[in-house]
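Undergrad: Residues 2 to 506, numbered by our numbering, are exactly what the sequence shown covers, in order. Cβ atoms here follow ideal geometry from the backbone N, Cα and C, with glycine treated the same way.
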Amino acid sequence: MKRLRVLLIDVSHVTLETTVDMLEYPLGLLYVATALRNAHGERVELRVESHESRGESLEGIERLLCEWKPDVLGLRSLTMGRGPLHEIASLAKRRFGTPWVIAGGPHASDDPGDVLANEAFDVAVIGEGERTAAELVGRLLDGRPLRGVPGTAWREGGGVSYGPPRPLIERLDDLPLPDYSLVDFRAINRGHVDFSFRRDVPHANLFTSRGCPYHCLYCHQIFGKSMRCHSAERLMAEVRRLHDEFGVTRFQIIDDIFNLDRERALEFFDQVVRSGLDLVFSFPNGLRGDRMDDELIDAMWSAGVRYVCYAVESGSPRIQKLIRKRMQLERIREAIAKTTARGIVTRGFFMLGFPTETEEEALATVAFAKESDLAQAMFFVVVYFPGTPLYRLAQSVRDMSAVGPSLADDYVKTREGPYFYSRERLDAIKTKAIRDFFFSRKRVEIMRRVLPNFFPRRDIDAAMLASVISSGLEESEVHDPDVAAAYHRHFLVTSRFSEKAGFFV
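#1: Under DSSP, the beta strand (DSSP E) around proline 113 begins and ends at which residues?
#2: From this set, Gln253, Arg241, Asp295 and Leu261, which residue's C-alpha is nearest tryptophan 272's C-alpha?
#3: Spell out the partners DSSP gives cysteine 310 in its beta bridges.
#4: Mind checking which residues open and close the alpha helix (DSSP H) that includes alanine 467?
#5: Check for me: the alpha helix (DSSP H) holding glutamine 253 runs from which residue to which?
#6: Would you list the residues sitting across from cysteine 67 in a DSSP beta bridge?
#7: Three or more C-beta pairs under 8 Å: does that hold for the segment 151–158 against the segment 119–130?
#8: Hey, valine 445 and valine 469 are a contact pair by Cβ (cut 8 Å); roughly how many whole angstroms apart?
#9: Just mark alanine 205 as buried or exposed, buried being the case when its beta carbon has 16 or more other beta carbons within 10 Å.
#10: Start and end of the alpha helix (DSSP H) containing arginine 295?
#11: Mind pulling the beta strand (DSSP E) runs of 3 or more residues that sit fully within the segment 209–286?
#12: For the structure I just gave you, are there three or more beta carbon pairs, one from the segment 341–350 and one from the segment 306–316, closer than 8 Å?
#13: If you count every other CB in all the chains shown that lies within 10 Å of the CB of asparagine 39, and 16 or more means buried, which is it?
#14: What residues are listed by DSSP as bridge partners for isoleucine 10?
#15: Using the Cα positions of lysine 326 and glutamate 50, report the straight-line distance between them to the nearest angstrom.
#16: Roughly how far, in whole angstroms, is the beta-carbon of valine 138 from the beta-carbon of valine 73, given that I think they are within contact range, below 8 Å?
#17: Indicate the three-state DSSP secondary structure (helix, strand or coil) for alanine 135 in the structure shown.
#18: Within its chain, find whatever has a CB closer than 6 Å to the CB of valine 102; leave out the 5 residues flanking it on each side and keep chain order.
#19: What does the Cβ neighbour count give for lysine 70, buried or exposed, with the cut at 16 atoms within 10 Å?
#20: Indicate the three-state DSSP secondary structure (helix, strand or coil) for valine 383 in the structure shown.
#21: Suppose you measure from the CA of cysteine 67 to the CA of glycine 61; what does that come to, to the nearest Å?
#22: For arginine 289, I'd like the list of residues in its chain whose CB is within less than 7 Å of its CB, leaving aside the five on either flank, ordered along the chain.
#23: Which whole-angstrom value describes the C-beta separation of glutamate 358 and tyrosine 420, a residue pair presumed to lie in contact below a C-beta threshold of 8 Å?
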């Protein structure tokens with residue numbers, strides 16, 4: 002009986018010059034690996050790994066390829082990780098002779114041409130990977146060619162050819178629970194910060210739905226434009242398995258839009274309460290803020306939700322319409338106030354530098370954040386990823402060939418772009434946002450009240466230290482005595498972490 006050794010690696014590329022080191026275990030690849038095991042049983046030997054690239058050597062990957070000698074290497078990455086994605090593929094094929102190298106995930110789905118321009122890749126998987134991976138490996142086990150598999154692209158005749166689209170998995174409950182024996186998910190996070198910005202906290206991630214009916218221009222669109230969900234019962238079964246078998250009590254829900262199906266959300270939170278389990282949940286993304294209400298917020302608190310992120314993006318109604326986010330700003334303002342009042346830590350996400358954005362509109366975003374009851378905020382700079390509608394909009398405003406996607410700069414450093422003000426003003430606006438938001442008496446009072454409900458003291462200190470560093474302020478410039486006292490300890494140690502210029506969070 003022919004057998005294949007299949008190695009799946011999640012490739013992340015971290016360029017943020019911050020005090021944190023973030024790495025999560027590859028839940029998506031666990032779903033793929035579980036599908037392979039279910040489809041092919043003992044005919045496949047599986048290994049699932051995470052690789053974080055910070056510009057260091059690939060020594061760990063070299064050792065893994067040398068010792069494990071996979072027949073099939075599957076690599077998954079975001080567009081930010083395209084550099085190490087290509088490096089690892091080339092290393093595997095040219096130095097270690099890996100027979101089959103396959104790319105998947107957001108970058109391969111958005112830009113299969115970029116992937117297949119590297120001859121080290123044999124196939125790119127587009128969209129959901131479970132059934133496509135099972136069919137690809139099945140063909141290899143049977144000695145059949147890979148060309149023509151639905152949901153894939155390959156090189157042919159000097160160009161790229163595509164198989165028919167892979168139908169979406171309509172009933173997510175048909176997917177088996179991820180096989181957590183395939184990865185030491187607790188060890189992967191040891192010493193790292195999770196998506197909710199806690200260090201060294203044992204936890205598990207839950208991905209409970211796929212697809213989103215909104216049409217935000219900046220999003221990857223791997224899972225389609227309609228939402229498909231695991232049932233509340235299936236979700237509770239996964240929570241119980243992780244709790245009973247692995248002792249997990251802290252969970253991050255990493256959906257795109259968990260609360261689109263309000264009744265499912267309420268049913269799940271009710272099941273958690275009725276279970277009697279003492280659990281803590283966080284939403285590092287995935288809640289639509291203008292779809293929140295009092296009943297849902299109360300249910301979340303009762304079930305143990307202690308941290309949520311609301312992606313506001315812009316405080317300008319025109320920009321909201323332009324990027325097709327169409328966030329109802331007054332409703333999310335109310336949701337933020339109610340969530341914070343309940344005791345849940347709220348973090349807001351904002352983006353600066355959208356196409357045609359004016360200085361006044363960028364400042365409106367800063368003002369929205371400052372006036373809100375958020376406990377925390379992050380001010381990102383728009384990155385124009387090729388393959389997204391946002392990039393095409395940017396091209397209609399400015400020649401983007403000179404700007405490029407600026408992948409090495411990540412989401413925090415400013416760059417030239419199709420916004421209607423200078424890069425120097427963008428720098429100033431971002432700095433103003435950090436100073437206005439974090440160094441106010443209102444923010445200090447909110448942080449004192451709610452941050453301890455979720456974060457240990459060390460993580461609160463790390464967040465405040467990052468705010469001091471990225472603000473560029475001297476302690477003497479903070480004139481409110483209450484604010485100065487709150488940050489005094491952090492100013493004392495700032496110089497130890499701010500040797501590099503341009504540090505932002």
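TA: Quick answer:
#1: Element bounds for proline 113: not the beta strand (DSSP E) but the alpha helix (DSSP H), 113–117.
#2: In the sequence under discussion, the amino acid at residue 272 is glutamine, which differs from the tryptophan named in the question. Taking only the C-alpha atoms, the option nearest glutamine 272 is Arg241.
#3: Arg348
#4: 458–472
#5: Run containing glutamine 253: none in the alpha helix (DSSP H); it sits in the beta strand (DSSP E), 251–254.
#6: DSSP output for cysteine 67 lists no bridge partner at all.
#7: yes
#8: Contact doesn't hold; Cβ gap of about 13 Å is too wide.
#9: buried
#10: Here residue 295 turns out to be aspartate, not arginine, going by the sequence shown. First-last of the alpha helix (DSSP H) with aspartate 295: 295–304.
#11: 251–254
#12: yes
#13: exposed
#14: Glu50 and Leu76
#15: 34 Å
#16: 7 Å
#17: helix
#18: Leu74, Ala90, Ala93, Lys94, Ala121, Phe122 and Asp123
#19: exposed
#20: coil
#21: 10 Å
#22: Ile258, Asn260 and Leu261
#23: 4 Å
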